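Here the sequence shown is numbered in full-length UniProt numbering, starting from 1 and rising by one per residue.
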Amino acid sequence: MEEGGGLGIRVKSKPPESELSELGIKSWPKWGCSPGKYKLKFDAEETCYLVRGRVKVYSTSTSTSTSTGRNETTLLAEFGAGDLVVIPKGLSCTWDVSVAVDKHYKFHAS
């Protein structure tokens, strides 16, 4: 899996069907959202598989740039349909959804 931006988001692009079957993805709950920006905080590690959609994940930063007076954000990861993604526990971020998302997901107990 590829690391995204150093905060531990891991993206595996187009994993083989055998891996998805082994994980039991199709039995996981589904979640979806329309295009837009969503502020999220992950209280547990999540593994998700995007059936459709396109997402850019930005850090939620409280630091303010002195030159612009605006909050600074950093692109942490970008993923879409067919990607298997692991999001670490404790991450606060903004999902910028450009194409409506449908995903299977599973939270992992710590």
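Using N, Cα and C, we set each Cβ at its ideal position, and we do this for glycine too. None of the values given here were measured: they were computed from a predicted structure.
query: By Cβ distance below 6 angstroms, which residues in the same chain neighbour G82 in space, the five residues on each side in sequence not counted?
result: K14
message: Is it buried or exposed, A77, if we count other Cβ atoms within 10 angstroms and call 16 or more buried?
response: buried
- prompt: Expressed to the nearest angstrom, what Euclidean distance is found between the alpha-carbon atoms of K37 and L23?
  reply: 29 angstroms
- prompt: For the alpha helix (DSSP H) that contains E45, what are its first and last residues?
  reply: Segment 45-59 is the beta strand (DSSP E) holding E45; no alpha helix (DSSP H) there.
- request: Count the other C-beta atoms from every protein chain shown that fall within 10 angstroms of the C-beta of K26, then say buried if there are 16 or more, exposed otherwise.
  value: exposed
message: Buried or exposed, going by whether 16 or more other CB atoms sit within 10 Å of the CB of P16?
response: exposed
Minimum C-alpha distance to R54 - residue among V97, K106, S92: V97
- request: Just mark G6 as buried or exposed, buried being the case when its beta carbon has 16 or more other beta carbons within 10 Å.
  value: Annotation note: pLDDT 48 at G6 (below 50); position unreliable, coordinate value reported separately. By the 10 Å Cβ count, G6 comes out exposed.
- prompt: Near Y58, which residues of its chain fall below 7 angstroms by C-beta distance, leaving aside the five closest residues on each side in sequence?
  reply: T73, T74, L75, L76, C93, T94, D96
- prompt: CB V85 to CB F79, shorter than 8 angstroms?
  reply: yes
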